[in-house]
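Let me begin by presenting the structure, written as structure tokens, before commenting on it.
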Amino acid sequence: MDNKKRGLSRRSMLAGTAAGVIAPVVVSASAGSAPAAAAGMTRNITIYADYVPGSTRVGYGLEPGKPTIPGPLLECYEGDTLVIELVNNTDKRLSIHPHGVNYDTKSDGSPFNDSFNKPYETKTYTWKTRTAYQAANGFWMPGSAGYWHYHDHAFDGDHGTIGLLKGLYGGLIVRKRGDLLPSKQFTVVFTEMWINHQIAPNTPIFEANLGERVEFICIGHGNLMHTFHLHAHRWADTRTGMLTSATDNAPIVDNKTLDPGNSFGFQVIAGDGVGPGAWMYHCHVQQHSDDGMSGVFLVRNADGGMPAGAQEAIDRFKGHQHTTTSTPNATGASAHHHQS
Ligand SMILES: [Cu+2]
């Protein structure tokens, strides 16, 4: 419900599109000031960094005073340029620093390059993307397409790492033209012992109807090593999570390393071959899972109805206790981190 709403509102940012027809997230798009090469667009977006009301957490949002953790999911196509106006509504310095795209030192977002917003300052960051190209030696150099992410790199402390712990992060997708588009998108961020800054049973419940094309964007942050596992669904370990033919022998996985700074994404058809139900997703580092790094992927019936047994499963999940006494200090990870 809450999370469903969040998923939908993210999706609705994809300017006036029906599900499955793309137009990247961004608010106003003006036709390409990009050079002749690929017909990219310049996409302008304003992002606000605010304290989460009633807490010391901080998030990015598309409206002032309405931060979300994770921040808005940003999308574009290879060849596009994102011009991000970051409005800092906090009393601390902060920034927005992307992975996977091109930027100059002024858009780096780091104290190292003196490229951040001062307290209450607005600053523009420019991210460029490109398509793959063939170098003179015949080898192909990579384009920008991928499941990436962005995060603060300057908040408060000298090293610019505190913002991640506060909630300043989000997903970034650069697609190739022709990539298949999902109906629903879920961003899953593992930071310390949290999923999207929550521990079970307050972690997100991601919802889709049987047969819907769902995209997961998985991001790792913090100081701990994690693995992302989704029950009853699997994907190809490729850029898109899909195969390109019946003879494509790319490995198929249902569990993938999600260490700090890593990101990946994939699409599944909700309940494909397994049916509707309340399915788990969790960190497969066992103690992390036991300590609250788990959540629910609720695949509803095709008509949106609740499948048999699903509500009971969710009630069990909501009511469960964490049992951490069986493995005291086994990994050095402390149980039940509470969010500040
Ligand atoms: Cu973990």
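Counting with mature numbering (1 follows the signal peptide of the UniProt record, and there is no 0), you get residues -38 to -1, 1 to 302 for the letters of the sequence shown.
Backbone N, C-alpha and C define an ideal beta-carbon position, used for all residues, glycine too.
As the structure is a computational prediction, the values presented were derived from the model and not from experiment.
Cβ-Cβ distance between residue i and residue j below 7 Å
i: G132; j: P32; result: yes
i: L56; j: G125; result: yes
i: Q229; j: R175; result: yes
i: A97; j: G173; result: no
i: W110; j: G71; result: no
i: N211; j: H191; result: no
i: Y112; j: N51; result: no
i: N75; j: T67; result: yes
i: G41; j: T30; result: no
i: F177; j: Q147; result: At residue 177 the sequence reads Glu, which differs from the Phe that was named. A contact, by the Cβ cut-off of 7 Å.
i: A194; j: V258; result: no
i: L35; j: T149; result: yes
Integer-rounded CB distance, given that residue j should sit under 8 Å from residue i
i: A240; j: A272; result: 4 Å
i: R5; j: L44; result: 5 Å
i: T189; j: V247; result: 6 Å
i: I58; j: D114; result: 7 Å
i: I157; j: G227; result: No, I157 and G227 are not in contact; Cβ-Cβ is about 16 Å, not under 8 Å.
i: F117; j: K28; result: Not really, about 19 Å apart at Cβ, beyond 8 Å.
i: I46; j: Y95; result: Between Y95 and I46 the Cβ distance is about 25 Å, and since that is not below 8 Å, they are no contact.
i: R201; j: I214; result: Actually they are not in contact, since the Cβ atoms of R201 and I214 sit about 15 Å apart, beyond 8 Å.
i: Y73; j: G122; result: Contrary to the premise, residue 73 reads as Pro rather than Tyr in this sequence. Sure, about 5 Å apart at Cβ, within 8 Å.
Per-residue burial, residue i [other beta carbons within 10 Å of its own, 16 or more giving buried]
i: N64; result: exposed
i: R139; result: exposed
i: Y243; result: buried
i: T293; result: Bear in mind that the predicted position of T293 carries a pLDDT of just 34, short of 50, making it unreliable; the figure below should be weighed with that in mind. Exposed.
i: Y82; result: exposed
i: N171; result: buried
i: H159; result: buried
i: R278; result: exposed
i: E37; result: buried
i: S207; result: exposed
i: G16; result: exposed
i: M3; result: buried
i: H282; result: exposed
i: G21; result: buried
i: G100; result: exposed
i: K280; result: exposed
i: T91; result: buried
i: D199; result: exposed
i: K268; result: For the record, residue 268 in the displayed sequence is Met; it is not Lys. Exposed: under 16 other Cβ atoms inside 10 Å.
i: D252; result: buried
i: P144; result: buried
i: G119; result: exposed
Contact test: residue i Cβ vs ligand 3 heavy atom, cutoff 6 Å
i: C180; result: Ligands displayed in this structure: ligand 1; ligand 3 is not among them.
### Task
Report yes or no: do the region 130 to 149 and the region 208 to 223 share at least 3 C-beta pairs separated by less than 8 Å?
Not touching, per the Cβ criterion.
### Task
Mind the definition here: the region 156 to 170 touches the region 100 to 117 only if three or more C-beta pairs lie below 8 Å; say whether that holds.
no
### Query
Is there contact between the region 143 to 158 and the region 169 to 189, where contact requires at least three CB pairs shorter than 8 Å?
yes
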